[in-house]
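What follows is a single structure, written as C-alpha cells, with notes after it.
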Amino acid sequence: MAYSVPTQNFVAISDVHPNLARPSIIGMVIGKTDAKGFPDRKNIGSERYTFSFTVRDSPSYFINVHSWGREDYIKSLSESFRVGDCGELEFIPNIFQFHCYKLLLSENHSVVKICPHYEVDTKLLSLLNLPVKNPQDFYSLADIAANGQSLEGRIINILAAVKSVGEPKYFTTSDRRKGHRCEVRLYDETESSFAMICWDNESIQLAQSWMPRETVIFASDVRINFDKFRNCMVATLLSKSIITTNPDTPEAISLHNFIRESAEMLDLDDEMGDHFRDSINVQAIVDVYTVEQLKIKALQNEGKLEPFYGIIFAYISTLNIDNETTKIIRNRCSKCHYVVNERTNSCSFCSSFVSSSDATLLFASFDVLVDLTDHTGTLHSCNLSDTVAEEALGCTVQEFQTLTEAQKTALKWHLLLERSKIYFKVIISPNSRTGLRVSLLSCKLADPVEASQNLPGKDLPCPASEQLEGV
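Whatever position you read off the sequence shown (first residue = 1), add 691 for the numbering used here.
Given below as C-alpha cells:
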C-alpha cells in the first residue's frame, strides 16, 4: 500500500498513467546516473546529453526519470541534486509504457525543485533506509566466495558493512576518454574483506560519505565477476544499481550489532594482515620518539592514510599473558594468514575450510594487546603479534602453551620491569579505541647505554609503581 501523498497537488507514483495532464510528483532520489554525451543525429558534429534518476514516494513504488537536452542544461540539472535529496517534479504528459512507466524530463516543459530535508515529510525521508528489493533477498559475502565463478556475470543483491573506502583514482583510456574508479572494501559476519568497484561519479561521491566500520549498505542489482588479477570474485556497481545506506531492516540491524561487537577483533585482524603484507627492514628505521612525541606526530598525520614508523624506548606496562579470560593465541589460515572461525573451521578471508587435524592448513599465532609507558605517558592497546611476540616473550606459541600459570606470571614480570627497544608502525584509525593502531615490528630488551643516549635529559627511573596494570 502506497504512502499518502504529503501535498494534495502531487500525484502518487502508483497513480501515474499516460493520460495525466502535467503530472507533478514528489519523492526521494534513490538512484542517479552520470550525465553523458551522445551524437546529435539532427546536428552532425554536435552532441546532446542525457542522464537518468530514480524517484520513490512509498515503500512499494518508484519510477525512473530520463532527461535529454543541451549539454549546459543537462549538466546543470544533474549537478543540482544528489542521491538522498527530495525532489518536486512537474512534467509534460510524455509518459511512456514499456514493462513499466518512465517519465521524460523536458527542458522547456518540466520543473524540478529540490526540497531541504527539514521541509520533507518524515515518511518520505524514511524511504532512504528501505531497500528497493526484498531485504532478505541477498547473498552473504561467503556465499559469493563459495559459489565462485558460477556467479560470473550474475546480477545480485548484497548486504554488507563498509570496511574502507579508497581514494578516487583518475585515468585516461587509450581513446583519450577520461575515467575514474573507487574501490570499496566490504565485510560481514562471514567474510573479513570483499571488493566492490564504483566506476561512475555518482556512486563514487556516495561512497565517500560512508563511514568505515559504521555504515551498512544494501546494494541491489550489482554485477559479480571473477577478477583474474586478484584471483577472486568482485562486485561492480552498474547504472541500475541502487544503494540503500543503513537500511532499517532486521538483517541490517543484526549486521550493525556485529560491527560494534567485532570492532576490536577487526583491528587485530588488520594488524595481523599488515604484519604479513609488510616486509620492513627495521634497521632502516632511525627516528626515535617518546610516547608524547609519538602522539603529537599522530595528531599531525590526522586524515592521512600512510603509516609512519619509529623507535621508542619504553616499558611494557600492561601484559595480560597469565589471564585465562584474555585470548592471546588464535589459529590462522596458512594460505592467507587471516583468522580461522572456530565455530565453522573456515578462514574468514579466503573461505578455505580448515581442519584442525591438518597442521599444514593452519598455524597458532600470538595476538597480544600491550600498553607501552615511558616518562612522558602511555600508549594503550598496541599490537604484539606472531614472531615479534615470540621474540619478545622468548618462546614459541607451542612452548608458551606448556608453561604453568606461575611460569607465565614470572615471564610477564620479567618483561614488565625492563626497558625495551621497540620498533613500531602507526596507522591513524579513527574507529579504534585509541584513534591509533600501533603495531610492534620488533621488541627486544634495550641496551641501557643506548637507551639513556636516546632519551631526553637523564634516564628517568621506571614509572612502573604508578602505571603497571594487568598484575
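Think of the CB as a built atom: it goes at the ideal place given N, C-alpha and C, for glycine as much as any other residue. Note that the structure is predicted; figures quoted are calculated from it, not measured.
Enclosing alpha helix (DSSP H) for residue i [first to last residue]
i	result
serine 894	892-899
asparagine 1145	1139-1145
aspartate 763	762-770
Buried or exposed by the 16-neighbour rule on C-beta atoms within 10 Å, applied to residue i
i	result
asparagine 700	exposed
arginine 713	exposed
aspartate 918	exposed
aspartate 706	exposed
isoleucine 987	exposed
valine 1140	exposed
leucine 818	buried
isoleucine 805	exposed
arginine 868	exposed
leucine 794	buried
lysine 1116	buried
histidine 966	The predicted model places histidine 966 with a pLDDT of 46, which falls under 50 and marks its position as unreliable, so this point remains unresolved.
lysine 854	buried
asparagine 710	exposed
glutamate 880	buried
alanine 1137	buried
lysine 1149	Residue placement at lysine 1149 is flagged as unreliable, the pLDDT there being 43, under the threshold of 50; the coordinate-derived value follows with that caveat. Under this definition lysine 1149 is an exposed residue.
alanine 1005	buried
proline 941	exposed
tyrosine 861	exposed
alanine 926	buried
serine 767	exposed
histidine 800	exposed
histidine 1066	buried
lysine 1018	exposed
valine 802	exposed
proline 822	buried
isoleucine 1002	buried
aspartate 891	buried
glycine 844	exposed
glycine 718	buried
alanine 836	buried
Span of the beta strand (DSSP E) around residue i
i	result
histidine 947	Looking at the DSSP string, histidine 947 is not in any beta strand (DSSP E); the run it does join, the alpha helix (DSSP H), is 941-952.
lysine 988	Not the beta strand (DSSP E): lysine 988 falls in the alpha helix (DSSP H), residues 982-991.
tyrosine 1006	999-1010
valine 746	738-747
methionine 902	First-last for methionine 902: undefined, no H or E at that position.
serine 1130	1127-1136
aspartate 912	907-918
phenylalanine 1054	1053-1065
isoleucine 805	802-806
alanine 726	Here alanine 726 belongs to no beta strand (DSSP E), and DSSP marks it neither H nor E.
serine 1021	Checking the sequence, you will find arginine at residue 1021 rather than serine. Where arginine 1021 is concerned, the enclosing beta strand (DSSP E) stretches over 1020-1024.
isoleucine 934	933-936
valine 925	923-927
Cβ-Cβ separation, residue j to residue i (assumed contact under 8 Å), whole Å
i	j	result
leucine 815	leucine 877	Actually they do not touch by this definition, with Cβ atoms about 28 Å apart.
lysine 1099	aspartate 1013	4 Å
asparagine 1022	alanine 1055	6 Å
glycine 1068	valine 982	4 Å
alanine 1083	cysteine 1134	4 Å
leucine 1070	aspartate 1062	7 Å
aspartate 725	glutamate 858	Contact doesn't hold; Cβ gap of about 19 Å is too wide.
valine 1079	leucine 1131	5 Å
serine 1008	threonine 1064	4 Å
leucine 1010	lysine 1103	5 Å
Short CB-CB distance (under 8 Å) between residue i and chain D
i	result
aspartate 918	Absent from the structure is chain D; it holds one protein chain and no more.
**OP:** Jot down the residue ranges of each uninterrupted beta strand (DSSP E) in the stretch 1075-1125, minimum 3 residues, whole runs only, in chain order.
**Re:** 1110-1119
**OP:** Specify whether the stretch 904-917 and the stretch 936-950 touch according to this definition: at least 3 beta carbon pairs, one from each stretch, less than 8 Å apart.
**Re:** Yes, the stretch 904-917 touches the stretch 936-950.
**OP:** Decide yes or no for the touch test of the stretch 728-736 against the stretch 766-781: beta carbon pairs closer than 8 Å, at least 3 of them.
**Re:** no
Subject >> Entirely enclosed beta strand (DSSP E) segments - the stretch 816-884, minimum 3 residues >> reply: 846-856, 860-863, 869-878
**OP:** Mind the definition here: the stretch 943-953 touches the stretch 971-985 only if three or more C-beta pairs lie below 8 Å; say whether that holds.
**Re:** no
**OP:** Answer yes if the stretch 911-928 comes into contact with the stretch 840-852, meaning at least three C-beta pairs across the two stretches below 8 Å, and no otherwise.
**Re:** yes
Subject >> Contact between the stretch 755-764 and the stretch 739-747 (3+ Cβ pairs under 8 Å) >> reply: yes
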